[in-house]
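Residue 329 is where the sequence shown starts when you use this note's numbering, and the numbers rise one by one after that.
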Amino acid sequence: MATDSPTAGFVEKWLQREPAFVQASLFVAPAQRTLFAHWGALLCCLREAAFELSDPSVRLAKSGWWAQELLAITQLQARHPLTQELMAYPGAPWVGLSAALLQTVGAGDQSSLDTGDALAQMMPLATATVAVEAALLGGEANAAAMQLAAVHLLVQRLRVGQAADDAGRVPLQLLARHQVSRNAIREGAAATVIVEYARELLLAAPEPSASAPLFRRMQWVLDRDLLARMAAGRPPQSAPGLRSLWRFWHAARRGG
């Protein structure tokens, strides 16, 4: 992708967050690589708007703006560089993704009872995400892919949100089991809770099938590695290695 493209900055922001996707793109058909990158960058923007802004009113406003942009794709009236590029696919189920984004943000920082409840809260957005993903990049929007998308939203929130008001959306049951508060998580004093939550998310994630969208299979390679490191009490990997390259190849060829 040209560095002077209007979308280049958004793609770069996404790759700064998940640099291993540079490796992953090697196993994407050349004709799909630009679309693959635009989709990844859009998901990064939507995730930030829905979960990662500190002010709830700003989250709601920003997500509302993005919801309108998603609808504008279907009307060929998008204004953002990413959504303008995606106007080439007006038939994808953008309306469903727009509605799911608003539903998720409108629910606020709901406290989940347990990991199953946390996943259920993410499922509307995850389902709509995979539906668009399959329409854009091919593959089947199956139940396993949707579950992996829900896990992805939670692991990313856990990764970057432990110091935030929602303390990474760690379920109440885990806090009670370990007799810690959200303040302890914010202060970095609840490592055992993070380890157990990561283990539960790993157990909740199904293996992706070869029919799942390629983007989702690639994303699970990263999410699985991140969760495994968290579950072992280790920090995230700073840069992808040869093992990641092999796993991307395996995901592209065999599904998981």
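Ideal placement from N, C-alpha and C gives every residue a C-beta, glycine not left out.
Annotation: Ser439 to Asp494 spans about 8 Å, alpha carbon to alpha carbon. About 6 Å separates the Cβ atoms of Ala533 and Leu476, confirming a contact at the 8 Å cut-off. Taking a 10 Å sphere around the C-beta of Val386, we find fewer than 16 other C-beta atoms and assign the residue as exposed. In its chain, beyond the 5 residues on either side, Pro568, Ser572, Leu573 and Phe576 have a beta carbon closer than 7 Å to the beta carbon of Gln351. Using a 10 angstroms sphere on the CB of Arg581, the tally of other CB atoms stays under 16, which defines it as exposed.
Looking from the CA of Pro334, the closest CA among Phe349, Thr362, Glu346 and Ala471 belongs to Thr362. Excluding the 5 residues flanking it on each side, His408 has same chain C-beta neighbours closer than 7 Å at Glu397, in chain order. Cβ-Cβ distances below 8 Å link Arg375 to Leu481 and Gln484 in the same chain, with the five nearest sequence neighbours on each side left out; the list follows chain order. One Cα belongs to Lys390, the other to Gln547, and the distance between them is close to 25 Å.
Counting only residues of its own chain and dropping the five nearest sequence neighbours on each side, Gln431 has a CB closer than 7 Å to the CB of Pro452. If you keep only unbroken beta strand (DSSP E) runs of at least 3 residues inside the stretch 458 to 517, you get nothing at all.
Using a C-beta cut-off of 8 Å, the stretch 512 to 532 makes contact with the stretch 556 to 566, since at least three inter-stretch Cβ pairs fall below that distance. Nearest to Trp393 by alpha-carbon distance, out of Ala378, Ala365 and Thr402, is Ala378. Remark: C-beta atoms of Leu542 and Leu500 do not approach each other more closely than 7 Å. Judged by beta-carbon spacing, Ala395 lies within the 7 Å limit of Ser426, meaning their Cβ atoms are closer than that value. DSSP places Ser426 in the helix class (H, G or I) of the three-state scheme. Under the three-state reduction of DSSP, Arg562 is assigned to coil, being neither helix nor strand.
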